[in-house]
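See structure below.
Protein chains in written order, with my numbering: chain A, 1 to 410; chain B, 1001 to 1410.
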């Protein structure tokens, strides 16, 4: 096993990113509603103009604007009603001749000859088939031009877009019902530690319930990953090795979550080194909290192998900053939006290390936040916090009143 | 059918809210990972102290701090090593006597007698079983006290919390594995309109593909609702009536999405009035866009019946502001966080109406946004936008440079 120095967070990311060139996520075609929330795997162009023909945005009469001249309340203009557009039927044979008009409902086809629509509220029909119009219109008024919403050949959505409801709407509008999306990572979470018991058990003296398996599994699911399984194993080399082999067979990402004591982490590092044909890539990152992080890559099975720190806050922040950030990079997905707030207390950084600081947003009107401190192993401050901000390796802490960019928890 | 005046958005919300007293969502117990993303239906208290015993946050030696006095590099203090705490085993029989110390790994039980832990880095073991300690410690140093993370009887999570990964972690830590959550609404989306064809069809002249069914269904799913079905019906009274009856039999919420022309909306209103034993509650809201919104409530089947405007932007914003806002109110769920930004252009409001204005956030470092204008029926501006802000009924528009609170799209 190579001995590696502690990496910065960016170095750890880069080492994984290089390997990920070898494991680009697969893509698949999904139907409209199945694609919602997935990440688009290709740029999508429209093959059509939307609307395909000129549409009225009002219930009204299609007219030639110059026929109305200076029509107004006092001097209405009389037009002859020569037809009616019915929604859902082909009205392309209709034409508005000079001095005439045709009724058009909202969303209806605007017949040839007309250049605008006058709202029904300004129109008074007479039995004779004539219409008194008491308002003039500009050319194009109340009409959406063909292709004004979406132009044929134009780009609809870019690769990497996490598909929101209205994006699904745009795809529906243009008749694109099979959508290429990235297949979400399949994830196995292995927890290890003789002191760990499952949450439904009462821990004996010296024991503690497993937390990280559940936070990491839930965080994975929130990102859209598919949780294949969780496995709990004792601190037993053979059992852990077997669990790793099982996980490698069907997962893209194997997360090993365990205690954080030195002896244990050595075993995780050794096992990852054995299981990964590229070996351990990073053994320890310059992060606070989060140092005991191990990464590896197995090219044969195309699996990322990650040992997370035991501290629940660290495990979650490292998982986001290293793994979820990697997933978003390789899928070209937009980064999660951060929220800029004023921090209301001095916060020290850890020199030479990237510092993740939990914060809670203040309830008030102003964008303010205060730091939440989690001692090692604590979970309740992580739940109390709304998110965290990052101080870089060279940053000498934050002063009360400074602005920080908060990564909000999912 | 009663004739109702146009309601403000708040009036429409209140009328629905009153009825919802009669249809509080049901609750159910879910396992830890199945509860992730759901809304907690009760306050949850801890039945235990976490940690249940004093734990070390370091690999080190449990000591009596006064034994170390002014121990330092130059003059180490010698202590006798009398034992070792093993993770996962009962170490409660161990005790640190004066002049002695016991090895404790990270997360391990801190034995009686000791009041602190000195990091292993400051300790030099001798073959004689003695330990040279080159640093003094304060009482409590490197020790998490019993109950310091979570106190027995203390509140863990409040009703209405949308359970995030770390909340699942807090529940796991305290052994709460069956969690009471609100059963998400079951939703049927009915689209109606002779001009509508399904997205996989090529619309003929006068036809258009159905958009709103897909945006509303996807938005419902993003909120955690269960989509029971989508039904497409022609503008046929009997067919629509039958679809409504089917939907009422198994859905909490029935959304009718269709064209927005006056004639059609009248049919929707009449049918909702017939199908709902409380009748139509709101027929038209003072919103721009979004006026042709209809709400009703059927007490017998405990179903909300909603007719949404046809304009895709309006349908989505009204659905969020009326229905999803209602769901969050009755489940005590926190409102979606808004983002405060500077708007870079003047935006007019519609006097007397609540105005929903689409915006796109600027890419830059500053929290800025610009308005996106969607003409009636357009979908691409809705997809281009990152969200929208609201101008109230009495607000006279926004000036460039004003701050607005943006509701970000899901």
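Don't be surprised by glycine CBs; every beta carbon is placed ideally from N, CA and C.
Neighbour list for residue i in chain B, Cβ cutoff strictly below 7 Å
{"i": "residue 410 of chain A", "result": "1164, 1165"}
{"i": "residue 57 of chain A", "result": "1375, 1376, 1377"}
{"i": "residue 195 of chain A", "result": "1087, 1088, 1107"}
{"i": "residue 215 of chain A", "result": "1165, 1166, 1168, 1169"}
{"i": "residue 367 of chain A", "result": "1340"}
{"i": "residue 150 of chain A", "result": "1380"}
{"i": "residue 316 of chain A", "result": "1165, 1166"}
Proximal residues of chain A, C-beta to C-beta of residue i below 9 Å
{"i": "residue 1307 of chain B", "result": "Simply none; closest approach about 15 Å."}
{"i": "residue 1414 of chain B", "result": "With chain B represented from 1001 up to 1410, any question about residue 1414 of chain B goes unanswered, as that position is not in the structure."}
{"i": "residue 1221 of chain B", "result": "33, 36, 37, 165"}
{"i": "residue 1239 of chain B", "result": "Near residue 1239 of chain B there are no residues of chain A at all, since even the closest Cβ is about 14 Å away, more than 9 Å."}
{"i": "residue 1348 of chain B", "result": "Ordered by position in chain A, no residue passes the 9 Å Cβ test against residue 1348 of chain B, which lies about 18 Å from the chain."}
Chain-order list of residues whose beta-carbon lies under 8 Å from that of residue i (same chain, five-residue window excluded)
{"i": "residue 74 of chain A", "result": "none"}
{"i": "residue 1017 of chain B", "result": "1326, 1329, 1330"}
{"i": "residue 237 of chain A", "result": "267, 271"}
{"i": "residue 22 of chain A", "result": "297, 299, 302"}
{"i": "residue 400 of chain A", "result": "343, 344, 345, 346"}
{"i": "residue 1178 of chain B", "result": "1029, 1030, 1031"}
{"i": "residue 1015 of chain B", "result": "1007, 1281, 1282, 1295"}
{"i": "residue 24 of chain A", "result": "330"}
{"i": "residue 370 of chain A", "result": "343, 344, 345, 359, 360, 362"}
{"i": "residue 1420 of chain B", "result": "There is simply no residue 1420 of chain B to check, as chain B begins at 1001 and stops at 1410 in what is shown."}
{"i": "residue 368 of chain A", "result": "341, 342, 343, 344, 361, 362"}
{"i": "residue 334 of chain A", "result": "160, 161, 162, 328"}
{"i": "residue 172 of chain A", "result": "32"}
Beta-carbon contacts of residue i that lie in its chain and below 6 Å, excluding the five residues immediately before and after
{"i": "residue 454 of chain A", "result": "Nothing about residue 454 of chain A can be read from this structure; chain A reaches only from 1 to 410."}
{"i": "residue 1038 of chain B", "result": "1163, 1181"}
{"i": "residue 1243 of chain B", "result": "1190, 1231, 1233"}
Close Cβ partners of residue i (< 7 Å) along its chain, the five nearest in sequence each way excluded
{"i": "residue 1248 of chain B", "result": "1254, 1275, 1298, 1301, 1303"}
{"i": "residue 145 of chain A", "result": "54"}
{"i": "residue 1349 of chain B", "result": "1355, 1391, 1395, 1396, 1397"}
{"i": "residue 1100 of chain B", "result": "1079, 1080, 1082"}
{"i": "residue 1387 of chain B", "result": "1359, 1406, 1407, 1408, 1409"}
{"i": "residue 1064 of chain B", "result": "1096, 1098, 1113, 1114, 1115"}
{"i": "residue 1258 of chain B", "result": "1191, 1192, 1193, 1264, 1268, 1310"}
{"i": "residue 1203 of chain B", "result": "1197, 1209"}
Listed by chain order, chain A residues near residue i by CB distance under 8 Å
{"i": "residue 1109 of chain B", "result": "205, 206"}
{"i": "residue 1040 of chain B", "result": "Here the premise fails: no neighbours, minimum Cβ distance about 12 Å."}
{"i": "residue 1147 of chain B", "result": "Going along chain A, no residue has its Cβ under 8 Å from residue 1147 of chain B, so there is no contact; the nearest lies around 11 Å."}
Residue i: contacting residues in chain A (beta-carbon distance under 7 Å)
{"i": "residue 1089 of chain B", "result": "206"}
{"i": "residue 1382 of chain B", "result": "166, 169"}
{"i": "residue 1218 of chain B", "result": "33, 36, 165, 168"}
{"i": "residue 1209 of chain B", "result": "172, 173, 175"}
{"i": "residue 1092 of chain B", "result": "205"}
{"i": "residue 1199 of chain B", "result": "32, 172, 175, 177"}
Whole-Å CB distance - residue i paired with residue j, under 8 Å assumed
{"i": "residue 60 of chain A", "j": "residue 120 of chain A", "result": "5 Å"}
{"i": "residue 159 of chain A", "j": "residue 40 of chain A", "result": "6 Å"}
{"i": "residue 322 of chain A", "j": "residue 13 of chain A", "result": "6 Å"}
{"i": "residue 1090 of chain B", "j": "residue 205 of chain A", "result": "4 Å"}
Residue i: contacting residues in chain B (beta-carbon distance under 8 Å)
{"i": "residue 202 of chain A", "result": "1175"}
{"i": "residue 51 of chain A", "result": "1208, 1377"}
Partner residues on chain B for residue i, Cβ-Cβ distance less than 9 Å
{"i": "residue 144 of chain A", "result": "1375, 1376, 1377, 1378"}
{"i": "residue 310 of chain A", "result": "1106, 1107"}
Those runs of the alpha helix (DSSP H) which lie wholly inside the region 161–213 of chain A and span at least 4 residues: Runs found: 165–173.
Touch check for the region 54–64 of chain A and the region 1160–1168 of chain B: three-plus C-beta pairs under 8 Å? No: the two stretches stay apart, fewer than three of their Cβ pairs being nearer than 8 Å.
Give, in chain order, every unbroken run of the alpha helix (DSSP H) that is at least 4 residues long and sits entirely within the region 1283–1331 of chain B. Qualifying alpha helix (DSSP H) stretches, in chain order: 1312–1318, 1325–1330.
Curious, which full-length alpha helix (DSSP H) runs of at least 4 residues does the region 1321–1387 of chain B contain? Inside the region 1321–1387 of chain B, DSSP marks whole alpha helix (DSSP H) runs of 4 or more residues at positions 1325–1330, 1380–1384, from first to last along the chain.
Would you say the region 1312–1319 of chain B touches the region 1206–1215 of chain B, given that touching needs at least three Cβ pairs under 8 Å? Verdict: yes, contact present.
Spell out a yes or no on whether the region 1120–1139 of chain B and the region 357–367 of chain A are touching, meaning 3 or more CB-CB pairs, one atom from each, closer than 8 Å. Contact annotation: the region 1120–1139 of chain B does not touch the region 357–367 of chain A, with fewer than three C-beta pairs closer than 8 Å.
3-residue-minimum beta strand (DSSP E) runs that sit fully inside the region 1037–1103 of chain B, ordered along the chain: The DSSP assignment places 1060–1063, 1077–1084 as complete runs of the beta strand (DSSP E) inside the region 1037–1103 of chain B, in order along the chain (cut-off: 3 residues).
Determine contact between the region 182–198 of chain A and the region 230–245 of chain A, defined as no fewer than three beta-carbon pairs at a distance below 8 Å. Contact between the region 182–198 of chain A and the region 230–245 of chain A is present: 3 or more CB-CB pairs across the two stretches fall below 8 Å.
Identify every run of the beta strand (DSSP E) within the region 1110–1141 of chain B, keeping only runs that are complete inside it and at least 3 residues long; order them along the chain. Listed in chain order, the complete beta strand (DSSP E) runs (minimum 3 residues) inside the region 1110–1141 of chain B are 1116–1119, 1123–1125, 1130–1133.
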